[in-house]
Amino acid sequence: MTGFTTLLYKELLRFWKVAFQTILAPVVTAMLYLLIFSHVLEERVQVYPGVSYTTFLVPGLIMMSMLQNAFANSSSSLIQSKITGNIVFVLVAPLSYLEFFSAYLLAAVIRGMVVGIGVGLVTVWFTDLPLMHPFWLLAFTMLSTGILAALGIVAGMWAEKFDQLAAFQNFLIMPLTFLSGVFYSIHSLPPFWQATSHWNPVFYMIDGFRWGFFGHADVAPALSLLVVGVCFVAISGFTLLLLKRGYKLRH
Amino acid sequence: MTAAIKVAGLVKQYRQARALDGVDLEIRQGEFFGLLGPNGAGKTTLINILAGLARPTQGSAHVMGFDVARDYAQSRRALGVVPQELVYDPFFTAREVLRVQSGYFGIRDNDDWIEHVLHNLGLTPHADKNMRALSGGMKRRVLVAQALVHKPPVIVLDEPTAGVDVDLRQTLWQFIRSLNEEGHTVVLTTHYLEEAETLCERIAMLKQGRLVALDSTRNLLARRHDHQARFRLDGEPPAALGLKRGQGICWQYGFKEYVELENLMAGLRAEGIKVLEMQLIEPDLEDVFTEIIQNA
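First to last, the sequence lines map onto chains A and B.
Per our numbering, residue -10 is the first one in the first sequence, and the count goes up by one each step.
Per our numbering, residue 246 is the first one in the second sequence, and the count goes up by one each step.
In structure tokens form, the structure reads like this:
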């Protein structure tokens, strides 16, 4: 195996060994969201014509779960390795910063996708979801989980304590994902919040992903793909720069 | 021949502290080399720079001729470091850890060598246990094994025997010695000076980031000329003979040349004092270390 494939394998094995926590738990959480919100809002809200609220909700929930888990994978793996000190085993190896980045990123993307598939499979019992544009779905999935995976690498490098990582997660990632239109269409918001939502990149991830299912979106899917693509390139470039400098990894 | 390790003008400045202050050092291939110094002398910083875990502020460091920054892939392949801290990955078994570590170095199908290392470090019965289930001593052995998976020509052990039992020390030194006999360069830092005295051919001493001594172990030991003799006598000797009260009922006598002992004996005989017991104490590395570090 090469250094890259080994690090990827190790990262995959790491979350697979604790699959209850890393895969099953987020699937159950998404299912609970679906149960509660669909129960409360099914009869009262219709976002797109001819699409029930439960059906509308599912793609957002899948994407939210994928994003949160992609972030959790890279960030928690890195901070655990830093705090326990075993990051040293990777750092003394002849791995390039590009291999390091790609392995952590891809493992987090895969974890996100596995959780996403899990949530998708569970929701089959609740609703019948159309699948209009599968390749767009895949593109939004890869790029969006990639962004959060890279953010997770940055957070994992930056944080020195679990507390700091939790702050990153609770005060940045959670608000961005919750206020992105997972549970609603931004057209239902007052004009100010509608305008604000357009500054949230997660909004484009969810909106584009939803378009892949319904062929219906709040903004043009090409614009969403562009925003998500640019964000991916920018955050990846920034992460690679930090890794090249050995930011908080090599003194 | 290319030096196993070569550092030149190495400086490492942390915000407040200067961990290394212009260190020049060359370690030859095949040497068993000791790197000694009190806590905070800069030993671990030096090792971290060699391993790429820290970057020098000034100066250069080479492992087997490869610059640790420019040719990092080759220099890291040439180096195996056993870190001082007892670190481990709690998700994996010892064998998984070693396979993964081999893969990081781009080595496939390394099972034969892994088995050899496991066997020589007494780890075979514990190879399939999760790292969390292993005792401190066993975790330390896995750390050593991890540093050796890629058969590095240069092995650096940063206080590998800190807090470990006699059994591991013996197993470890036997194995490391055999690797050294096969041609691997070994660099050791330790607080157990008798270990360095027995194992190392050459020794460097660091204090506050500076190299204060670099010589063969034999020459370092010969630096200290003072011998000590300890006596038990059947009477109190006059002060003029130069004996000092030692512990309990003992008397101590310091001398440079053995002929001085002859004079002392004659003096004791003249006073009618009999020697009941006598013990000669040779200087050891600890004395030399203390003297060099205090005077540096």
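Glycine included, every Cβ here is placed at the ideal spot set by N, Cα and C.
Since the model is a prediction, treat every value here as computed from it, not as a measurement.
Tell me the rounded alpha-carbon separation between residue i and residue j.
| i | j | result |
| --- | --- | --- |
| B:K396 | B:H361 | 11 Å |
| A:I12 | A:W5 | 8 Å |
| B:I352 | A:I76 | 19 Å |
| A:K237 | A:M146 | 6 Å |
| B:M450 | B:Q473 | 24 Å |
| A:Q158 | B:Q419 | 49 Å |
| A:R320 | B:R300 | Residue 320 of chain A is absent from the structure shown; chain A starts at -10 and stops at 240. |
| B:F500 | B:N540 | 21 Å |
| B:L270 | B:L466 | 20 Å |
| B:C445 | B:D460 | 11 Å |
| B:K288 | A:F(-7) | 31 Å |
| B:Y585 | B:M376 | Limits of chain B in this structure are 246 at one end and 541 at the other, which puts residue 585 of chain B out of reach. |
| B:G382 | B:Q346 | 20 Å |
| B:T338 | B:K384 | 11 Å |
| B:D471 | B:L509 | 16 Å |
| B:P335 | A:Q69 | 10 Å |
| A:H240 | B:I272 | 24 Å |
| B:K251 | B:D357 | 32 Å |
| B:A390 | A:A14 | 36 Å |
| B:R623 | A:V81 | One cannot answer for residue 623 of chain B here, as it falls past the ends of chain B, which runs 246 to 541. |
| B:L368 | B:D354 | 19 Å |
What whole-angstrom Cβ distance do residue i and residue j have, given they're in contact under 8 Å?
| i | j | result |
| --- | --- | --- |
| B:P482 | B:L513 | 6 Å |
| B:V308 | B:L291 | Not a contact, Cβ separation roughly 12 Å. |
| A:Y42 | A:L30 | 5 Å |
| B:L530 | B:E442 | 4 Å |
| B:F476 | B:V520 | 6 Å |
| A:L2 | B:Y349 | The pair is not a contact, with the Cβ atoms about 14 Å apart (cut-off 8 Å). |
| A:S174 | A:D207 | 6 Å |
| B:I400 | B:H429 | 6 Å |
| A:F26 | A:L46 | 6 Å |
| B:Q258 | B:T302 | 4 Å |
Do residue j and residue i have their beta-carbon atoms positioned less than 8 Å apart in this structure?
| i | j | result |
| --- | --- | --- |
| B:A306 | B:L295 | yes |
| A:I195 | A:S169 | yes |
| A:V98 | A:F203 | no |
| B:V431 | B:L424 | yes |
| A:V217 | A:P180 | no |
| B:I538 | B:P283 | yes |
| B:I359 | B:R386 | no |
| B:L388 | B:P328 | yes |
| A:I142 | A:T228 | yes |
| A:A138 | A:N62 | yes |
| A:F198 | A:F129 | yes |
| B:P398 | B:A248 | no |
| A:E0 | A:A144 | no |
| B:A392 | B:V326 | yes |
| B:E440 | B:T462 | no |
| A:V7 | A:S54 | no |
| A:T(-9) | A:T44 | no |
| A:L23 | A:T166 | no |
| B:L366 | B:G304 | no |
| B:V394 | B:L343 | yes |
| B:D402 | B:L433 | Correcting the residue type first, residue 402 of chain B is Leu in the shown sequence and not Asp. Yes. |
| A:L232 | A:F124 | no |
| A:L118 | A:G201 | no |
| B:E330 | A:G74 | yes |
| A:M52 | A:S133 | yes |
| B:I518 | B:L478 | yes |
| A:S65 | A:Y93 | no |
| A:Y37 | A:H205 | yes |
Quick one: does the C-beta of residue i sit closer than 7 Å to a heavy atom of the ligand SAH?
| i | result |
| --- | --- |
| A:D152 | This structure does not include the ligand SAH; it has no bound ligands of any sort. |
- Message: As an exercise, report each continuous alpha helix (DSSP H) stretch of at least 4 residues that is fully enclosed by the stretch 283 to 350 of chain B, in chain order.
- Response: 288 to 296, 317 to 322, 339 to 349
- Message: What ranges does the alpha helix (DSSP H) occupy inside the stretch 72 to 105 of chain A, keeping only unbroken runs of at least 4 residues that lie completely in it?
- Response: 77 to 80
- Report yes or no: do three or more beta-carbon pairs, one from the stretch 50 to 60 of chain A and one from the stretch 100 to 112 of chain A, lie closer than 8 Å? yes
- Query: Below 8 Å, can you find three or more Cβ-Cβ pairs linking the stretch 313 to 321 of chain B to the stretch 474 to 491 of chain B?
  - Reply: no
- Within the stretch 370 to 408 of chain B, note down every full alpha helix (DSSP H) run reaching 4 residues or more, in order along the chain. 381 to 393
- Task: Tell me, please, whether the stretch 266 to 281 of chain B touches the stretch 213 to 229 of chain A by the rule of three or more beta-carbon pairs shorter than 8 Å.
- Result: no
- Return the chain-ordered ranges of every alpha helix (DSSP H) run that is complete within the stretch 463 to 520 of chain B and spans a minimum of 4 residues. 504 to 516
- Query: Is the stretch 450 to 460 of chain B touching the stretch 262 to 271 of chain B, taking contact as three or more C-beta pairs under 8 Å?
  - Reply: yes
- Message: Any contact between the stretch 85 to 95 of chain A and the stretch 12 to 27 of chain A? By contact I mean 3 or more CB pairs, one from each, below 8 Å.
- Response: no
- Query: Considering only residues of the stretch 171 to 235 of chain A, which uninterrupted alpha helix (DSSP H) runs meet the minimum length of 4 residues and lie entirely inside it, listed in chain order?
  - Reply: 180 to 186, 190 to 203, 210 to 234
- Query: For the stretch 73 to 90 of chain A, which residues have a CB atom closer than 7 Å to at least one CB atom of chain D, in sequence order?
  - Reply: Included in the structure are the protein chains A and B, with no chain D among them.
- Tell me the start and end of each unbroken alpha helix (DSSP H) in the stretch 13 to 77 of chain A that is at least 4 residues and wholly inside, in chain order. 14 to 30, 42 to 73
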